[in-house]
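Here is the structure we will look at, set down as structure tokens.
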């Protein structure tokens, strides 16, 4: 069925491109099967079109219906447009506007129904029975599986199969894995087919392990394109025969893979689209592979824009290039600089402190590394010799998701002035600023975060005696004013800012 599948009236043969930068770093040849370049930015167009093409004339005349919150919806909508079929797409009411508008733009009628996907799916079934519309399943159908299988057909045409060791496939309902796996195992059974899921959406992994379909009670939604609670009946039957292994990854590793693809192609994948590459990287590392050739199917690029911030925040952690650390330092002058100098010349990306104790201070910080396994123990040892107690919290989910934004809090400090500085963001700029800030006055708050801008911004609390903060004659600048001016950094006095008064003072 794969060789006779009709997909190219709507889909394109996507390129297989080498991820040169990633390959050089990892010591294996990584190739990307660019399904994110399809007209609807996802492989889903293949299965949807093949299924709808093979409907009878009577079925086409009745119309079709589908339930989807994303890629399958767009695949059905475009297929219906190409084939002249009336299509209705049921989407949950919480579906982002950009997604349902894209479906509507392709000519389908969109019905927003239900607060959950299950409620939307029940409505889809009801409307199908009420109006006689043909329900187009997202994965559990032989024609859909065959359509997705054409990806495997193309891969084996586009690469020297004698050098290909493994193909990595994101698994949600299992349609892509079943189709691609079937073709590859029929033509080259020696090539490994590896399925990739996230730890919190591992329905296929558990099903293959248990020997029957396993329904998840909860499903992680970050990689929403593969977030299913139970895999398809037919896809499970096929995957049991063609999948050699499964691997599970986390969200940070997905973010790192999105960054890898961007650096090699300047394209941005959606989380589920980068799932296969994240799995390929981890699998090669776990198996100790070197000099291997692998293909990762980049299955989609329908990224929600508001997720880019999260991806950027977590990518460096996911690839092991950023370390989050909690450091207990002595509360005395010079401790900041000693801590900074221990980390330097590594780039510090975050530095957060709030006075809480006259003897000790907790610092929340993050910085970049090249070789985490070697550098972190060395840094911990260096800090220990300075009397600083440090803990690597890079794998602490609460630290990454919440604590970094809450570190500090309110603290009653006498004569505290809050000042916001900015300086040109370049290597060594923070160290230069810390040196400039050295004075006899106590620093009671310090917050810095590198957001990748050309300007670094620092919020500093300084305890200034009343005599130093007052003008001697009402016209001349105060001693504190002279100090701020002498730093030669643009600044804003935020002492009267209501946010400071309400949340930090």
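Residue numbers (my numbering): -11 to 493.
Even glycine gets a Cβ: it sits at the ideal position worked out from N, Cα and C.
Computed from a predicted structure; not experimentally measured.
Remark: C-beta atoms of residue 306 and residue 257 do not approach each other more closely than 8 Å. Around the beta-carbon of residue 82, fewer than 16 other beta-carbon atoms lie within 10 Å, marking it exposed. Between the alpha carbons of residue 366 and residue 321 lies a gap of roughly 24 Å.
Uninterrupted beta strand (DSSP E) stretches at least 3 residues long and entirely within the segment 188 to 230 do not occur.
Residue pairing from DSSP places residue 412 in a beta bridge opposite 443.
If you look at residue 40, you'll find it in the alpha helix (DSSP H) that goes 32 to 41. About 7 Å separates the beta carbons of residue 179 and residue 153, which is inside the 8 Å limit, making them a contact pair. With contacts defined as CB atoms closer than 8 Å, residue 226 and residue 158 fail to qualify as a contacting pair.
Note that the C-beta distance between residue 266 and residue 241 is below 8 Å.
Following the DSSP letters along the chain, one finds residue 183 inside the beta strand (DSSP E) bounded by residues 180 to 186. Under the three-state reduction of DSSP output, residue 104 falls in the coil class, being neither helix nor strand. Contact between residue 5 and residue 19 is confirmed by a C-beta separation of about 7 Å, below the 8 Å threshold.
Excluding its 5 nearest sequence neighbours in each direction, residue 417 has C-beta neighbours in its own chain below 8 Å: 411 and 444, listed in chain order. For residue 317, the closest C-alpha among the options 373, 41 and 170 is that of 373.
The distance from the Cβ of residue 63 to that of residue 33 is about 4 Å, consistent with a contact at the 8 Å cut-off. According to DSSP, residue 437 shares a beta bridge with 338. Membership of residue 467 in the alpha helix (DSSP H) is indicated by the continuous run 467 to 474.
When rounded, the separation of the alpha-carbon atoms in residue 336 and residue 356 is 7 Å.
In this structure, the alpha-carbon of residue -5 lies about 38 Å from that of residue 304. Taking 3 residues as the minimum length, the beta strand (DSSP E) runs contained wholly in the segment 138 to 174 are 154 to 158, in order along the chain. With a cut-off of 8 Å on Cβ pairs, the segment 401 to 415 is in contact with the segment 447 to 462, counting three or more such pairs. DSSP places residue 21 in the uninterrupted beta strand (DSSP E) bounded by 17 to 22. In this chain, residue -2 is not harboured by any beta strand (DSSP E), its DSSP state being neither H nor E.
The beta carbon of residue 432 lies closer than 8 Å to those of 342, 343, 399, 401, 404, 449, 450 and 451 in the same chain, with the five residues before and after it left out. Judged by DSSP secondary structure, residue 330 falls within the alpha helix (DSSP H) whose first and last residues are 323 to 331. Approximately 6 Å separates the beta-carbon atoms of residue 67 and residue -2; this is inside 8 Å, confirming the contact. Under DSSP, the beta-bridge partners assigned to residue 355 are 311 and 336. Nearest to residue 291 by C-alpha distance, out of 29, 332 and 115, is 29. Under the three-state reduction of DSSP, residue 97 is assigned to strand.
Distance from the CA atom of residue 486 to the CA atom of residue 26, rounded to whole angstroms, is 50 Å. According to the DSSP secondary-structure assignment, residue 430 is paired through a beta bridge with 451. Looking at the DSSP output, residue 119 shares a beta bridge with no other residue. Straight across, the Cα-Cα distance linking residue 271 with residue 284 is about 12 Å. A Cβ-Cβ contact shorter than 8 Å links residue 364 with residue 311.
Using a Cβ distance threshold of 8 Å, residue 217 and residue 203 count as a contacting pair.
Rounded to the nearest whole angstrom, the C-alpha separation of residue 213 and residue 160 is 7 Å.
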